[in-house]
Structure formats: structure tokens, C-alpha cells
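Participant:
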Amino acid sequence: DPARALVSLASKEGYRLILMGTRNRRGIARLPMLSVAKQVLRTSRVPVLIIHTPFRTFSRPRIKRIVVPLDGTHRSSRILEPLAPLAKALGARLLFTTVVDPRKKGELPSEIVARNLFRAQKKLHRMGIPTELSIRYGDTASEILSFGSVQKADMMALATHGRDGLERLFQGSVAESILCKGNLPLM
Numbered sequence: 002d003p004a005r006a007l008v009s010l011a012s013k014e015g016y017r018l019i020l021m022g023t024r025n026r027r028g029i030a031r032l033p034m035l036s037v038a039k040q041v042l043r044t045s046r047v048p049v050l051i052i053h054t055p056f057r058t059f060s061r062p063r064i065k066r067i068v069v070p071l072d073g074t075h076r077s078s079r080i081l082e083p084l085a086p087l088a089k090a091l092g093a094r095l096l097f098t099t100v101v102d103p104r105k106k107g108e109l110p111s112e113i114v115a116r117n118l119f120r121a122q123k124k125l126h127r128m129g130i131p132t133e134l135s136i137r138y139g140d141t142a143s144e145i146l147s148f149g150s151v152q153k154a155d156m157m158a159l160a161t162h163g164r165d166g167l168e169r170l171f172q173g174s175v176a177e178s179i180l181c182k183g184n185l186p187l188m
């Protein structure tokens, strides 16, 4: 199982990032590689950066605008720890977005979400990393992808909630949906 081997090696060797490429194939041709990437994304505790190839050609990396979907939970903000040094090194702006899905019950109250987002934003500003914040309404994955397009983003970065089994079946996975439908590099 290639996914299990990659995750095991990265964990055992103390890797700080797994970099994977997928081809922008459509339909059934896309499934084998994408399923390995999805499995690594699902199971790895090490951050995973997935680049859909062919990615824009460049002589130097041009990642200046990174969409960071956050739902106000501490779990979603875990992405900021590995992302902050990368954003700083690239001189990138982090575009925080949170999506309110009126169909979902049990989400955090907006006051708590706002407080947690502002706290994260303040910490990054002290590190010299510029951020913006946007609130959108609708289907979470669709709104995140739309926001990335409107903002002309170069990359997306989000933490997975680690759902599996029936929970993933009923609640879905935003990260997997963005991986399958999007075309930007995804961390």
C-alpha cells in the first residue's frame, strides 16, 4: 500500500512535510493517483502539500496568495503552524475565510469563531505575515473554491478533521472535496 508506506516513512524519519504531485486527469484515469493522495491526506499527521500537475510554469515559486479556510476550531488552526514559516519565506499573504453553511447544525457560535480567527490573525501579524479575513455563506467546499478563484489564489492550505467511517460518509470531507474539484496546490 503506497499511501501507508509514505505516511509510515514520513513519521518514522521525522519529516516536516510530504510533497506529492497528481496529474490533472479527468474521470476514471484520475482515480488511482488521487486515491493515494487522498489516503495520505486522510491518514498523515505530517503536513501534506499536493500539487496538481501541470502547475503553472515558473522559474521561481510564485505563491503569493494562500487561501486558508478556518472554522474557528483549534483543530482547523493547526494548519497555521507549518504554514506560517512557508508564508513568511515566500512573502505570501494568507487569505482567511470561514464559511457559514446554513444547513449545518452544531457549528461554533459566531462570537467564538470571530475571537479565534482574530487571535490567529494577530499572532501572524506579529510575525510579519499579512492576512485578510472573509466570511462567506453556503456550501463549504464550493464557497472555498469560489473564494480561491475570486482572490486569484496560488495555493490552499487547510487542516483535515480526521473523520473516517460513518462520520466521513455523513458529514463529508471538505479537504477531499477541494482536492478532487480544485486545481491549486493544496496543503
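Per my numbering, residue 2 is the first one in the sequence shown, and the count goes up by one each step.
Each residue gets a CB set at the ideal place from its N, CA and C atoms; glycine is no exception.
These numbers come from a predicted model, not from an experiment.
Tell me which residue opens and which closes the beta strand (DSSP E) that residue 66 is part of.
Facilitator: 66 to 70
Participant: Can you tell me whether residue 20 is buried or exposed, with buried defined as 16 or more other CB within 10 angstroms of its CB?
Facilitator: Exposed, because fewer than 16 other Cβ atoms sit within 10 Å of the Cβ of residue 20.
Participant: Within the same chain, show all residues whose beta-carbon is closer than 7 Å to that of residue 73, passing over the 5 residues directly before and after it, in chain order.
Facilitator: Hits under 7 Å: 99, 109, 113, 114, 117 and 118.
Participant: To which residues of the same chain is residue 91 closer than 6 Å at the C-beta, ignoring the five residues directly before and after it?
Facilitator: 64
Participant: Rounded to whole angstroms, what's the CA-CA distance from residue 45 to residue 158? Just pull it up for me.
Facilitator: In a straight line, the C-alpha of residue 45 is about 15 Å away from that of residue 158.
Participant: Which residue marks the beginning of the alpha helix (DSSP H) containing residue 135, and which one marks its end?
Facilitator: Careful: residue 135 lies outside any alpha helix (DSSP H), inside the beta strand (DSSP E) at 132 to 138.
Participant: Can you name the residues that DSSP bridges to residue 52?
Facilitator: 22
Participant: Give the straight-line distance between the Cα atoms of residue 177 and residue 129, rounded to the nearest whole angstrom.
Facilitator: 31 Å
Participant: Less than 8 Å between C-beta atoms, sequence neighbours within five positions excluded: which residues of the same chain meet that for residue 11?
Facilitator: 19, 45 and 47
Participant: Since residue 179 contacts residue 121 with CB under 8 Å, what's their CB separation in whole angstroms?
Facilitator: 20 Å between Cβ atoms; not a contact.
Participant: Taking the CB atoms as reference points, tell me whether residue 125 and residue 85 lie closer together than 8 Å.
Facilitator: yes
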